[in-house]
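Chains as they are written, first to last, in our numbering: chain A, 1 to 185; chain B, 1 to 158.
Glycine included, C-beta positions come from ideal geometry on N, C-alpha and C.
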């Protein structure tokens with residue numbers, strides 16, 4: 001079974017159709033997704049700005065991590081749960097959506113950035129570094145994080161628009177390639 | 001006096017018309033609006049979580065409030081700079097939208113509360129002696145901001 005068949009089958013399932021056509025469930029899930037995004041992006045941005053030494057320089061980085069990260073993680077879990085439901089409501093179209101694909105790619109890169117930061121960079125950020133800015137590698141991680149999450153918010157917003165959808169042909173060949181569209185002859 | 005003529009005027013401005021005529025302008029401005037929302041919530045949460053005894057509790061409230069203040073002003077500017085054109089593009093729809101009025105009412109209240117009340121509480125350090133006052137202020141701030149966010153999201157559904 002190809003991914004296209006699988007998501008097509010999912011799209012025809014009664015649960016998916018029910019969620020998609022629900023009067024309240026879909027908008028509520030979408031709203032919770034956006035509000036969780038605000039908490040997530042807000043806490044990430046505040047942490048990144050601290051890493052760059054732009055705000056709260058008197059608060060040691062480990063303290064900011066310890067006190068802020070639980071909120072970031074909680075908001076992220078809410079986003080993943082609601083995001084999965086939103087995908088489940090419109091699976092095939094989302095799977096073939098160019099912005100959805102871009103968003104997933106950027107999320108992979110953002111995840112890589114988080115992993116490298118916490119495994120390689122963060123252990124070297126001195127605990128006693130109260131007033132100063134963290135080392136350069138930490139600043140790079142902060143800039144990358146801000147850029148990637150900004151791109152993710154952007155592409156997430158654009159998923160709703162159908163400019164490059166498969167049923168809107170003709171599209172340039174590259175678009176149909178990137179969205180796995182097979183336009184009818 | 002009805003505000004409808006003013007809303008109609010906004011709708012007919014070149015800004016409103018230009019955004020309606022463009023395919024991608026509205027979504028792109030919307031994305032900036034969302035980024036502004038995230039930054040605003042971040043700057044608000046740093047102070048409100050601290051007031052609730054949940055955030056950076058080892059840092060003095062006044063210091064945190066001062067640190068994020070420029071970022072709060074900056075992100076609010078981004079919200080206004082993106083929100084006003086979005087409003088102009090669909091001003092007439094907004095006039096008849098209940099969520100829009102919820103948002104504007106909450107926004108006026110929260111701006112007044114943030115800059116006239118909460119800012120004074122945080123900068124004087126009075127919440128250190130009276131933590132309950134700080135908690136109450138944080139709850140009021142968060143509830144009002146949620147009113148803004150609820151209305152903002154729901155304008156799109158109406």
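A Cβ-Cβ distance of about 6 Å is found for the pair residue 145/A and residue 113/A, placing them in contact under the 8 Å criterion. When C-beta distances to chain B are compared with 9 Å, the residues of the region 31-45 of chain A below that value are 31, 34, 35, 37, 38, 39, 40, 41, 42, 43, 44, 45, in chain order. Of the residues assessed, residue 17/B falls on the exposed side of the cut-off, its CB having fewer than 16 other CB atoms within 10 angstroms. Just so you know, the alpha carbons of residue 69/B and residue 60/B end up roughly 14 Å apart. Close CB contacts of residue 82/A within its chain, under the 7 Å cut and outside five residues either way in sequence, are with 29, 32, 33, 36 (chain order). Taking the Cα of residue 74/B as reference, the smallest distance to any Cα among 121/B, 90/B, 39/B is reached at 39/B.
Assigned with DSSP and collapsed to three states, residue 58/A falls in coil, not helix or strand. Relative to residue 106/B, the option among 135/B, 123/B, 140/B whose CA is nearest is 140/B. Fully enclosed beta strand (DSSP E) runs of no fewer than 3 residues are not present anywhere in the region 14-81 of chain B. Selection 130/B, 111/B, 87/B evaluated against residue 29/B yields 87/B as nearest (Cα-Cα). Residue 126/B sits away from residue 132/B, with the two beta carbons spaced by 8 Å or more.
Within the region 68-85 of chain A, the residues whose Cβ lies closer than 8 Å to some Cβ of chain B are 68, 71, listed in chain order. Annotation: residue 91/B to residue 50/B spans about 38 Å, alpha carbon to alpha carbon. Going by DSSP, residue 116/B is part of no alpha helix (DSSP H) at all; its letter is neither H nor E.
Apart from sequence neighbours up to five positions away, the residues of its chain that approach residue 107/A with a beta-carbon distance below 7 Å are 152, ordered along the chain. In the displayed model, residue 179/A falls within coil according to three-state DSSP, outside both helix and strand. With its beta carbon at least 8 Å from every one in chain B, residue 179/A lies outside the interface. One finds nothing in chain B with a Cβ atom closer than 8 Å to the Cβ of residue 107/A; even the nearest lies about 16 Å away.
Residue 169/A and residue 23/B have their C-alpha atoms spaced approximately 17 Å apart.
In this structure, the CA atom of residue 96/A is about 21 Å from the CA atom of residue 79/A. Of the candidates 118/B, 98/B, 84/B, 84/B places its Cα closest to the Cα of residue 14/B. Here residue 183/A is exposed. Its C-beta has fewer than 16 other C-beta atoms within 10 Å. DSSP places residue 94/B in the uninterrupted alpha helix (DSSP H) bounded by 91-95. Per the C-alpha coordinates, the member of 162/A, 62/A, 90/A positioned closest to residue 26/A is 90/A. Among the CB atoms of chain A, one or more fall inside 8 Å of the CB of residue 71/B. Between residue 55/A and residue 67/B the beta-carbon gap is near 5 Å, inside 8 Å, which marks them as a contact. Taking a beta-carbon distance threshold of 8 Å, residue 63/A counts as an interface residue toward chain B. Of the candidates 177/A, 178/A, 11/A, 11/A places its Cα closest to the Cα of residue 93/A. Contact of residue 112/B with chain A is not assigned, every C-beta pair being separated by 8 Å or more.
In the DSSP assignment, residue 113/A falls within the unbroken alpha helix (DSSP H) covering 98-116.
Taking all protein chains in view, the Cβ of residue 79/B is crowded by 16 or more other Cβ atoms within 10 Å, so the residue is classified as buried. The beta carbon of residue 101/A sits no closer than 8 Å to any beta carbon of chain B. Using a Cβ-Cβ cut-off of 7 Å, residue 121/A is close to nothing in chain B; its nearest Cβ partner there is about 21 Å away.
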